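Colleague: Protein chains in written order, with the numbering used here: chain A, 655 to 924; chain B, 1090 to 1349. Sharing a structure here in structure tokens format.
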Amino acid sequence: MSALEVAGASKIFNQGTTKQVDALIDVNLTVNPGEFVSLIGPSGCGKSTLLRLIANLLEPTSGSVSVNNKTAAQARLDQDYGMAFQQAGLFDWRTVSKNIELPLELKGWDKAKREARAKEMLELVKLPEFADLYPWQLSGGMQQRIAIARALAAHPPLLLMDEPFGALDEMTREYMQGELLRICGETSTTVVFVTHSIPEAVYLSNRVVVMSPRPGRITEVIDVDLGSKRNEDTRAADGFFKSITAVREALRGTHADHAAANAIRGVEDR
Amino acid sequence: MAENNALRVIARLRQIGPALVFGVSFLALWEAAVRGFDLKPYFLAAPSKIFEQFFKNYSRIWDASMVSGGNALVGLIVGTVFGVAMSFILSRYRFLGELITPLAIALNAIPIFVLVAVLNNMYSITSEIPRRVMVTLVVYFIVLVNVAKGLTQVRSTHVELMRSYAASEFVILRKVRVPNAVPYLFTALKVAAPASVITAFVSEYFGGLQNGLGSRITSNIANAKNAAAWAYVLGACLLGLAFYTVSIILESATRKGDTK
Ligand SMILES: Nc1ncnc2c1ncn2[C@@H]1O[C@H](COP(=O)(O)OP(=O)(O)OP(=O)(O)O)[C@@H](O)[C@H]1O
Ligand SMILES: [Mg+2]
Chain A
655 MSALEVAGAS KIFNQGTTKQ VDALIDVNLT VNPGEFVSLI GPSGCGKSTL
705 LRLIANLLEP TSGSVSVNNK TAAQARLDQD YGMAFQQAGL FDWRTVSKNI
755 ELPLELKGWD KAKREARAKE MLELVKLPEF ADLYPWQLSG GMQQRIAIAR
805 ALAAHPPLLL MDEPFGALDE MTREYMQGEL LRICGETSTT VVFVTHSIPE
855 AVYLSNRVVV MSPRPGRITE VIDVDLGSKR NEDTRAADGF FKSITAVREA
905 LRGTHADHAA ANAIRGVEDR
Chain B
1090 MAENNALRVI ARLRQIGPAL VFGVSFLALW EAAVRGFDLK PYFLAAPSKI
1140 FEQFFKNYSR IWDASMVSGG NALVGLIVGT VFGVAMSFIL SRYRFLGELI
1190 TPLAIALNAI PIFVLVAVLN NMYSITSEIP RRVMVTLVVY FIVLVNVAKG
1240 LTQVRSTHVE LMRSYAASEF VILRKVRVPN AVPYLFTALK VAAPASVITA
1290 FVSEYFGGLQ NGLGSRITSN IANAKNAAAW AYVLGACLLG LAFYTVSIIL
1340 ESATRKGDTK
């Protein structure tokens, strides 16, 4: 049984009008339970759109998405998703702690249990002293960490993250990567993770999915063989650099195909 | 501690100081002009005379303020309730919003309180209802436009997040749209509160009962009691200020986190 199956999915925005955008064409992707898959590709290639299709926030124009052998719609109703968007998207009128509790509230957890979990999550993202502040009193990177804590709080079976670490400094970023792997390992969470950073994709993933722009499609899937236990030594391992090179070459390929100089801007070698 | 308090008083004075200096010098200049040029009281009354009249007629000004202020308050409350209720309906049925919002904005731009003349014809001469209806209308549109905006202009990330948690439209309304609209409501009230006083007051110029601030001003002017008329104007200013202040206090009491 696969945790996620995207079969022949296409997404065309504003079909039949002059503003038509072929965002995704014939995307096929199977993710196994507990697997960590990263999506990487130039800006505008449809990574966020694919994530939205998976989350059932958008309907595919054709093709299908199933999660744990259910339709995406059913998975959403069963609250199987945890999401972190490109923007932190915290609620200004809720304290930091109450923001993290939101998905738990919607699952009907009682107050004590919610507060305990929020506290735990705050420790995890190393912001325990900020529980009672409001989001706008935090820096952008801190807000992003709260959004990650919120996405993880309910231990959802399928975690969808859209460039969640983009606003973080390098050290926090590496720390969060480690924590994300730890939590997902402990709770056997399946993750689809969008990033612009090749090392990040390689460090985190079992597989890196490389996408090409306009129309967005999957050009290559690269297996990363770094074992299941990853730590700081992983970042210096030979396999790590080998995989980075492989992903970089795959991305070059997509750029060469499209010879779109502006597309290169989308990928950084962080 | 004491030093701290002293510093706070100084900071406060810095804030209101310029306005205070301006106000006092303006009054002094006014007084000087009236005396210096020997202006006749029917042309321009001196501030000292106005204050004298104000304290002499204090209880009558108070009674008239209660009448105008009462009309404003009733209209403010009823208009806010209806405005909020309608904005919920509009946010639920977007097409209605597209029909009504431009109309509401257009109505806001024209002085609809002249409608009170028509309303006066519909009710008996001793009725306060026409004025209250007028205030209600003015407040209603201000509240409607703002709160409807607050309910509909929510961040798309917020809505997507809620949908990813399988939240129903009702839950999204309760947990996203309503809290988002609260600051918009208070912005509306900050505009509507003084507007309600002005409307209540101006409505009195179109006939009906002669017991409010507006009618007192007209009757005092008619009797060449200029300073007394100004005293009532002062009462009207204070009434408007009181409404505004209350709306600001309400706003800051509901704003979250600022004072922490
Ligand atoms: N709601 C929408 N309506 C119309 N077009 C859209 C919509 N959402 C996305 N698109 C288009 O689909 C394409 C893919 O967008 P998407 O946001 O998925 O890109 P992305 O890969 O996430 O880019 P980035 O790395 O910059 O975040 C873009 O050309 C975008 O303009
Ligand atoms: Mg994106």
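Positions of the beta carbon are idealized from the N, C-alpha and C atoms, including for glycine. As the structure is a computational prediction, the values presented were derived from the model and not from experiment.
1. Does the distance from the CB of B:Ser1180 to the CB of B:Gly1172 come in under 8 Å?
2. By Cβ distance below 8 Å, which residues in the same chain neighbour B:Gly1158 in space, the five residues on each side in sequence not counted?
3. Along the chain, where does the alpha helix (DSSP H) containing A:Lys773 start, and where does it finish?
4. Quick one: complete beta strand (DSSP E) runs, 3+ long, within the segment 1133-1192 of chain B?
5. Could you give the residue range of the beta strand (DSSP E) that holds A:Ala677?
6. CB A:Gly743 to CB B:Arg1244, shorter than 8 Å?
7. Hey, quick one: how far does the alpha helix (DSSP H) through A:Gly762 stretch, first residue to last?
8. By Cβ distance, which residues of its chain are closer than 6 Å to A:Val846, with the 5 residues on each side in sequence left out?
9. Apply the 10 Å Cβ neighbour rule to B:Ala1284 and answer buried if 16 or more other Cβ atoms are within range, or exposed otherwise.
10. Check the Cβ of A:Pro757 against every Cβ in chain B and list those closer than 7 Å, keeping chain order.
11. From the beta carbon of B:Pro1268, is the nearest beta carbon of chain A less than 8 Å away?
12. Say yes only if the C-beta of A:Gln669 is nearer than 7 Å to one or more non-hydrogen atoms of ligand 1, and no if none qualify.
13. Between which two residues does the alpha helix (DSSP H) harbouring A:Ser718 extend?
14. Of all the CB atoms in chain B, is at least one closer than 8 Å to the CB of A:Met737?
15. Confirm, please, whether the CB-CB distance from B:Ala1134 to B:Ala1325 is below 8 Å.
16. Give the straight-line distance between the Cα atoms of A:Ile679 and B:Gly1164, rounded to the nearest whole angstrom.
17. If you measure beta-carbon to beta-carbon, which residues of the segment 1219-1253 of chain B are closer than 7 Å to chain A?
18. Taking 8 Å as the limit between beta carbons, can you name the residues of its chain near A:Leu756, skipping five residues before and five after?
19. Can you confirm whether B:Val1322, when its beta carbon is compared against all beta carbons of chain A, has any partner nearer than 8 Å?
20. Decide if B:Phe1275 is buried, meaning its Cβ has at least 16 other Cβ atoms within 10 Å, or exposed.
21. So does A:Lys665 have its beta carbon nearer than 7 Å to some heavy atom of ligand 2?
22. Determine the DSSP secondary structure at A:Leu707, reduced to helix, strand or coil.
23. Quick check on this structure: which residue in B:Val1167, B:Leu1116, B:Ser1341 and B:Gly1112 has the alpha carbon closest to the alpha carbon of B:Val1228?
24. Whole-angstrom Cβ separation of A:Ser751 and A:Leu776, contact assumed at under 8 Å?
25. Note the first and the last residue of the continuous alpha helix (DSSP H) segment covering B:Arg1220.
26. Which residues does DSSP pair with A:Gly736 in a beta bridge?
27. Determine, for B:Phe1286, whether the minimum Cβ-Cβ distance to residues of chain A falls below 8 Å.
28. Going by DSSP, name the residue or residues bridged to A:Lys724.
29. Check whether chain B comes within 8 Å of A:Ala709, counting only Cβ atoms and requiring the distance to be less than that.
30. Determine, for B:Val1260, whether the minimum Cβ-Cβ distance to residues of chain A falls below 8 Å.
31. Report all residues from its chain with a CB closer than 6 Å to the CB of B:Gln1142; omit the five preceding and five following residues, and keep chain order.
32. Report the partner residues of A:Thr749 according to the DSSP bridge assignment.
33. Using only CA atoms, which one of B:Ser1257, B:Leu1278 and B:Arg1220 lies nearest to B:Asn1235?
34. Using a C-beta to C-beta distance shorter than 7 Å, which residues of chain B count as neighbours of A:Gly743?
Modeller: Taking the coordinates as given:
1. no
2. Val1286, Ala1289, Leu1328, Ala1331 and Phe1332
3. Lys765 to Leu778
4. none
5. Val675 to Val685
6. yes
7. Note, A:Gly762: premise wrong, no alpha helix (DSSP H); not H, not E.
8. Val691 and Leu814
9. Around the CB of B:Ala1284, 16 or more other CB atoms lie within 10 Å, so the residue is classed as buried.
10. Tyr1254
11. yes
12. no
13. Run containing A:Ser718: none in the alpha helix (DSSP H); it sits in the beta strand (DSSP E), Ser716 to Val721.
14. yes
15. no
16. Looking at the two C-alpha atoms, the distance is approximately 58 Å.
17. Arg1244, Thr1246, His1247, Glu1249, Leu1250, Arg1252 and Ser1253
18. Phe745, Arg748 and Arg804
19. Answer no: the Cβ-Cβ gap between B:Val1322 and chain A never drops below 8 Å.
20. buried
21. no
22. helix
23. B:Val1167
24. Indeed, because the Cβ distance is near 7 Å, the residues count as touching under 8 Å.
25. Ile1218 to Thr1241
26. A:Leu813
27. Here the sequence assigns Val to residue 1286 of chain B, which means Phe is not the residue at that position. Answer no: the Cβ-Cβ gap between B:Val1286 and chain A never drops below 8 Å.
28. A:Val721
29. yes
30. yes
31. Taken in chain order, the residues that qualify are Ala1316, Ala1317 and Ala1320.
32. Bridge partners of A:Thr749: none, in fact.
33. Among B:Ser1257, B:Leu1278 and B:Arg1220, the Cα nearest to that of B:Asn1235 is on B:Leu1278.
34. Arg1244, Thr1246, His1247 and Leu1250
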